[in-house]
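Have a look at the structure below, then the notes.
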Amino acid sequence: MKADAVMDTIPFGYELGEEHLMLRDSIREFARNVVAPGAMERDIKGEFPADCVKQLGEMGYMGICVPEEYGGSGLDALASAIVVEELSYADASIGVINSVQNSLVNDPVMKFANEEQKKKWLPKMASGQWLNCFSLSEAGSGSDAGAMKCRAELVGNEWVINGTKLWVTNGSEADVVLLFVRTESGDKRNSSCILVEKKTPGLTVGKHEDKLGIRGSSTTELIFENCRVPKENLIGERGQGLKIALTAIDGGRLGIAAQALGIAQAAHDKAVDYALQRRQFGKSLSEFQAIQWKIADMAVRIAASRALLYKGCWCKDQKMHSLHIPAMAKVFAAETASFCANQAIQVFGGMGYCREGEVERYLRDAKITEIYEGTSEMQRITIAETLINDPDRITNI
């Protein structure tokens with residue numbers, strides 16, 4: 101069925117079915133009772149949430165969309181988004197750790213790996229035995245992903261990899277790297293995707309970034325010096341790397357939209373709770389129209405973000421190739437997260453500017469959602485170019 105014929109059939113409300121509601125209730129209980137209590141301390145220390153991640157693996161959340169035959173939970177993109185949102189409500193660092201595992205690595209392995217590779221690797225990923233990381237960016241290759249310089253040369257039965265990668269989420273703790281490298285000469289878009297186990301000689305972790313937010317998630321440099329990997333670790337076809345990377349990032353944008361949505365919802369709920377209990381001039385803050393409008397504006401943007409996110413997940417589950425819907429979801433949810441966090445701080449006043457109020461962490465965590473997985477500027481370019489070139493642009497929004 102064509103996209104324009106299907107889009108109009110999607111209801112605006114995206115009501116969750118019983119299975120998704122049960123999933124939401126389960127992950128919400130875990131996130132708020134297990135993840136949330138240590139979130140601020142981990143943020144201050146820049147500490148990776150190893151115990152929480154291990155439990156997520158044991159519960160099946162690190163392979164949420166991996167088919168059961170490969171050891172996963174066999175659920176859909178909407179289920180994955182619900183998990184990331186609820187985790188991010190409690191701690192956005194754990195939200196992105198889970199999103200990278202599922203959207204950026206599990207998904208492209210499921211789509212592009214051969215059957216032997218799937219049987220070998222997916223059970224370890226789905227169980228959380230292997231923590232994944234996705235490595236595309238370099239010093240001169242951010243939004244322009246095709247400008248990468250890290251190279252892999254096929255020597256006999258091995259790929260010999262040399263170069264440096266930056267901004268690798270989970271880079272310090274990951275057991276396996278989904279790596280994108282130049283394997284061809286000529287066209288800069290000719291790159292390939294290779295799976296590299298972290299224990300491979302010649303691969304070392306370099307600089308650890310000291311970040312503004314999501315401080316419980318490591319962001320590192322990876323250095324490859326004559327790192328030798330079996331040629332069988334090539335994912336997909338040689339020269340197909342950029343296609344695989346962009347396909348992964350399209351799905352990853354939904355994960356970051358879910359992360360941003362979780363941050364925004366947490367900021368909103370904190371602001372409402374504080375407004376109800378804080379009194380000024382003999383009445384609660386919630387009775388002042390200025391505060392009410394902030395709460396209303398936050399709620400409207402959150403509702404619109406969730407609708408865009410769920411529509412994007414629906415498109416993915418229907419195997420509809422849509423560039424602009426994930427981009428819309430990502431850019432709007434990301435800016436909603438920053439907006440809501442900022443408004444929550446304003447509701448809290450001076451307390452919001454201090455760590456004791458916790459809402460300042462939401463603002464620090466929210467900002468990165470406007471940058472990684474494609475900046476807000478790049479999302480707008482994608483949306484505009486897609487719609488300008490689409491004769492059915494009205495029905496496809």
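Per the numbering used here, the sequence shown runs over residues 101 to 497.
Note that beta-carbon positions come from the ideal geometry of N, C-alpha and C, so glycine has one too.
All figures in this text were calculated on a predicted structure; none of them were measured in a lab.
Check                                                                                                                                                        : Outcome
Please report the straight-line C-alpha distance between Ser317 and Ala484, rounded to a whole angstrom.                                                     : 32 Å
Is it buried or exposed for Gly117, if we count other Cβ within 10 angstroms and need 16 for buried?                                                         : exposed
Look at the Cβ atom of Lys218, then the Cβ atom of Tyr170, and state whether they are nearer than 8 Å.                                                       : yes
Cα-Cα, which of Arg379, Val281, Ile314 is closest to Gly339?                                                                                                 : Val281
Would you grab the beta carbon distance between Val296 and Thr320 for me? Rounded to a whole angstrom, and I think it's under 8 Å.                           : That pair is no contact at about 14 Å.
Tell me whether Gly341 sits in a helix, a strand or coil according to DSSP, three-state version.                                                             : helix
Restricting to runs no shorter than 3 residues, where is the beta strand (DSSP E) found entirely within the stretch 364-417?                                 : none
Select from Gln380, Cys233, Trp267, Lys220 the residue whose C-alpha is nearest the C-alpha of Lys298.                                                       : Cys233
Quick check on the DSSP output: the alpha helix (DSSP H) that includes Ser476 runs from which residue to which?                                              : 476-488
In angstroms, rounded to a whole number, what distance separates the CA positions of Ala192 and Gly256?                                                      : 44 Å
Any idea what DSSP makes of Ser235, helix, strand or coil?                                                                                                   : strand
Can you tell me whether Met530 is buried or exposed, with buried defined as 16 or more other CB within 10 angstroms of its CB?                               : Residue 530 lies beyond the residue range present for the chain, which begins at 101 and ends at 497; the question has no answer from this structure.
Does Leu487 have its Cβ less than 8 Å from a Cβ in chain D?                                                                                                  : Absent here is chain D; the protein component of the structure consists of one chain.
How long is the line joining the alpha carbons of Ala177 and Ile323, rounded to whole angstroms?                                                             : 33 Å
For Ala390, is the classification buried or exposed, using 16 other Cβ atoms within 10 angstroms of its Cβ as the cut-off for buried?                        : exposed
Alpha carbon to alpha carbon, how far is Phe388 from Lys343? Give it in angstroms, no decimals.                                                              : 52 Å
Alpha carbon to alpha carbon, what distance is there between Gln443 and Gly449?                                                                              : 10 Å
Specify, as a first and last residue, the run of the beta strand (DSSP E) that Glu258 falls within.                                                          : 258-269
Span of the alpha helix (DSSP H) holding Asn442?                                                                                                             : 424-448
For Leu463 versus Ile402, is the C-beta spacing smaller than 8 Å?                                                                                            : no
Check the C-beta distance from Val135 over to Tyr161 and give it rounded, since I have them as a contact under 8 Å.                                          : That pair is no contact at about 11 Å.
So which of Glu309, Met225, Glu337, Arg251 has the shortest CA-CA distance to Gly263?                                                                        : Arg251
Mind reading off the beta-carbon distance from Met210 to Val166? Whole number of angstroms is fine, and I expect it under 8 Å.                               : 7 Å
Is there contact here, the stretch 345-360 with the stretch 428-444, by at least three beta-carbon pairs under 8 Å?                                          : yes
Alpha carbon to alpha carbon, how far is Ile110 from Lys411?                                                                                                 : Its pLDDT being 43, under 50, Ile110 is placed unreliably in this model, and the value from its coordinates should be taken loosely. Approximately 8 Å between the Cα atoms of the pair.
Using only the alpha-carbon positions, how far apart do Gln365 and Leu254 sit?                                                                               : 48 Å
Alpha carbon to alpha carbon, how far is Met140 from Gly146? Give it in angstroms, no decimals.                                                              : 10 Å
Starting from Gln152, follow the beta strand (DSSP E) in both directions and report where the run begins and ends.                                           : For the record, residue 152 in the displayed sequence is Cys; it is not Gln. No beta strand (DSSP E) contains Cys152, which is instead part of the alpha helix (DSSP H) from 150-158.
In whole angstroms, what is the alpha-carbon distance linking Leu266 and Asn333?                                                                             : 21 Å
Should His240 go down as buried or exposed, given a rule of 16 or more other Cβ atoms within 10 Å for buried?                                                : According to the sequence shown, residue 240 is Gly rather than His. By the neighbour-count rule (16 or more Cβ atoms within 10 Å), Gly240 is not buried but exposed.
Using 10 angstroms around the beta-carbon of Asn214, count the other beta-carbons present and answer buried if the total reaches 16, otherwise exposed.      : exposed
Whole angstroms is fine: what's the gap from Asp385's alpha carbon to Leu175's?                                                                              : The amino acid at residue 385 is misidentified as Asp; the sequence shows Leu. When rounded, the distance between both Cα atoms is 42 Å.
If you reduce the DSSP assignment to three classes, tell me which class Pro330 lands in.                                                                     : strand
Which value, in whole angstroms, describes the spacing of the CA atoms of Ile194 and Pro149?                                                                 : 7 Å
Could you pull out every residue in the same chain whose Cβ sits closer than 6 Å to the Cβ of Arg461, ignoring the five residues on either side in sequence? : Asp143
Looking at the unbroken beta strand (DSSP E) that takes in Lys307, where does it start and where does it end?                                                : 303-308
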